[in-house]
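Q:
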Amino acid sequence: MIYPLDVSIARLIERSEFEIRHATRRAFEREPVPLEDVRLLAPLEPPTVRDFVAFEEHVEGVRRSVSGETGVPDQWYAAPTFYFTNPYAIVGTGADIPIPPGSQVLDFELEVAAIIGRPGRDLTPEQARDHIFGYTIFNDWSARDLQGAEMTVGLGPCKGKDFASTLGPWIVTADELERFRDADGFLRIGMSVAVNGEEIGRDLLSNMGWPFEDLVAYASRGTEVRPGDVLGSGTCGNGGCLAELWGLTGSREPRPLQPGDVVTMTVEGIGSITNTVVAGTDPQPIPAARPRPRTRPHYFASELETR
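Residue numbers for the sequence shown follow this note's numbering, so the first one is 568 and each next one is one higher.
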């Protein structure tokens, strides 16, 4: 059953604990709506989405698959690296996922995301725990062929990650998951992903290289994290994405996702999200860059007139 709120989740996250509890009580006073009678959207529209690579096993497998390099870069151990992805591409469970224009190699990525609840800057990991409002499931859809090509330039991922990210099915507040915290400060939560009902991968969230508090602290270094910001864990290991398996086996088995494939992710203590892959559109052509003539002038037009 769903109990409707009279305020958006984004606005609710910014409020005090007292106001959140008051809004929750008001919601329970309303007539509930059966879950099967509603279509769940993404639980919020985040202002920013940072996605980390916090699972060592994933880095090793995908690096071999995308670039052909083996091992894990030394820099990975030094700091929890992340990239910014597209907040306009957020979708919820049940949404169709079109294959992005120009791609033939679509992949999923099984992650958990933390939602920031309080603003902060230059936080310590100990302080950061109080800035996490809750957690949700995050599918960082990836076009591996686009990603591999663009990262040869030394930037990215860009368009290889720009088209869709699933958040859902809802946000579970941080206190609800404290029972899963282990002695090392990690959340020992089971994660699994299936395609067309067949399990492809499973892992524990506690296999991250850093707990979420460290990720939040690093994200706040020299800048701000604000309510509603999303911080992804990065893809788990042991089959958290297809590319990891391709890197380990040297072949594209299981095959890349195709129209009609149904991807379901389940995380203990949070729930499940499901999306169906559908056909996309052809890319609009963009010409290749013109090569730079070695004799190209470097003068301003006004300077040329005086020469």
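Idealized CB from N, CA, C, for every residue including glycine.
Measuring CB to CB, does residue 760 end up less than 7 angstroms from residue 828?
A: Not in contact: residue 760 and residue 828 (Cβ atoms no closer than 7 angstroms).
Q: Kindly indicate which residue of 801, 584, 869 and 646 has the alpha-carbon position closest to the one of residue 707.
A: Checked all of 801, 584, 869 and 646; the closest Cα to residue 707 is 801.
Q: Compare the C-alpha of residue 846 against each of 825, 859 and 810 and name the closest.
A: Of the listed residues, the one whose Cα sits closest to residue 846 is 825.
Q: If you count every other CB in all the chains shown that lies within 10 Å of the CB of residue 602, and 16 or more means buried, which is it?
A: That one is exposed.
Q: If we call anything under 7 angstroms between Cβ atoms a contact, is residue 589 one with residue 804?
A: No. Outside cutoff.
Q: Measuring only the C-alpha atoms, how far is residue 694 from residue 748?
A: One C-alpha to the other measures close to 17 angstroms.
Q: Nearest by alpha-carbon distance to residue 689: which of 782, 743 and 620 is it?
A: Checking every option, the nearest Cα to that of residue 689 belongs to 782.
Q: Helix, strand or coil, according to DSSP, for residue 777 in the structure here?
A: Residue 777 falls in the coil class under three-state DSSP.
Q: Ignoring anything shorter than 3 residues or poking outside the region 779 to 806, list the beta strand (DSSP E) runs there in chain order.
A: Runs of the beta strand (DSSP E) inside the region 779 to 806: 797 to 799.
Q: In the DSSP output, which residue or residues are listed as bridge partners for residue 831?
A: Looking at the DSSP assignment, residue 831 forms a beta bridge with 761 and 841.
Q: Is it buried or exposed, residue 635, if we count other Cβ atoms within 10 angstroms and call 16 or more buried?
A: With fewer than 16 other Cβ atoms within 10 Å, it is exposed.
Q: Hey, residue 687 and residue 584 are a contact pair by Cβ (cut 8 angstroms); roughly how many whole angstroms apart?
A: About 16 angstroms separates the two Cβ atoms, so there is no contact after all.
Q: Candidates 722, 758 and 572: which alpha carbon is nearest residue 596's?
A: Selected option, being the one with the closest Cα: 572.
Q: So, using beta-carbon positions, are residue 810 and residue 674 closer together than 7 angstroms?
A: Yes; because the gap between Cβ atoms is below 7 angstroms, this pair is in contact.
Q: In terms of residues, what are the limits of the beta strand (DSSP E) holding residue 715?
A: Per DSSP, residue 715 belongs to no beta strand (DSSP E); it is in the alpha helix (DSSP H), 711 to 717.
Q: I need the straight-line Cα distance from residue 770 to residue 682, nearest angstrom please.
A: So the alpha carbons of these two residues sit roughly 21 angstroms apart.
Q: For residue 672 and residue 711, what's the separation of their Cα atoms in angstroms?
A: Going by the C-alpha atoms only, they are around 5 angstroms apart.
Q: Using a Cβ-Cβ cut-off of 8 angstroms (strictly less than) and excluding sequence neighbours within five positions of residue 821, which residues of its own chain qualify?
A: Correct list, in chain order: 762, 767, 809 and 812.
Q: Given a cut-off of 7 angstroms on the beta-carbon distance, is the pair residue 752 and residue 778 in contact?
A: Yes, they are a contact pair.
Q: Counting only the same chain and skipping the five closest in sequence on each side, list residues whose C-beta sits under 7 angstroms from that of residue 638.
A: Answer for residue 638: 627, listed in chain order.
Q: For residue 634, list the residues DSSP reports as bridge partners.
A: Per DSSP, none; premise fails for residue 634.
Q: Classify residue 676: buried if its beta carbon has 16 or more other beta carbons within 10 angstroms, exposed otherwise.
A: Its Cβ being crowded by 16 or more others within 10 Å, residue 676 is buried.
Q: State yes or no: is the C-beta of residue 632 within less than 7 angstroms of the C-beta of residue 814?
A: Cβ atoms of residue 632 and residue 814: closer than 7 angstroms.
Q: If we ignore side chains and look at the alpha-carbon of each, how far apart do residue 669 and residue 799 end up?
A: Residue 669 and residue 799: Cα-Cα distance of roughly 26 angstroms.
Q: Residues in its own chain within less than 7 angstroms of residue 735 by CB, not counting five upstream and five downstream?
A: Excluding residues within five positions, the ones whose Cβ falls inside 7 angstroms are 607, 609, 610, 659, 660, 703, 704 and 840.
Q: Quick check on the DSSP output: the alpha helix (DSSP H) that includes residue 692 runs from which residue to which?
A: First-last of the alpha helix (DSSP H) with residue 692: 692 to 695.
Q: How about the region 645 to 654 and the region 722 to 739: do they share at least three Cβ pairs that are nearer than 8 angstroms?
A: At 8 angstroms Cβ cutoff, the stretches touch.
Q: Name the DSSP beta bridge partners of residue 706, please?
A: Residue 706 is bridged to 677 and 733.
Q: Using a threshold of 7 angstroms, state whether the C-beta atoms of residue 772 and residue 836 are closer than that.
A: No.
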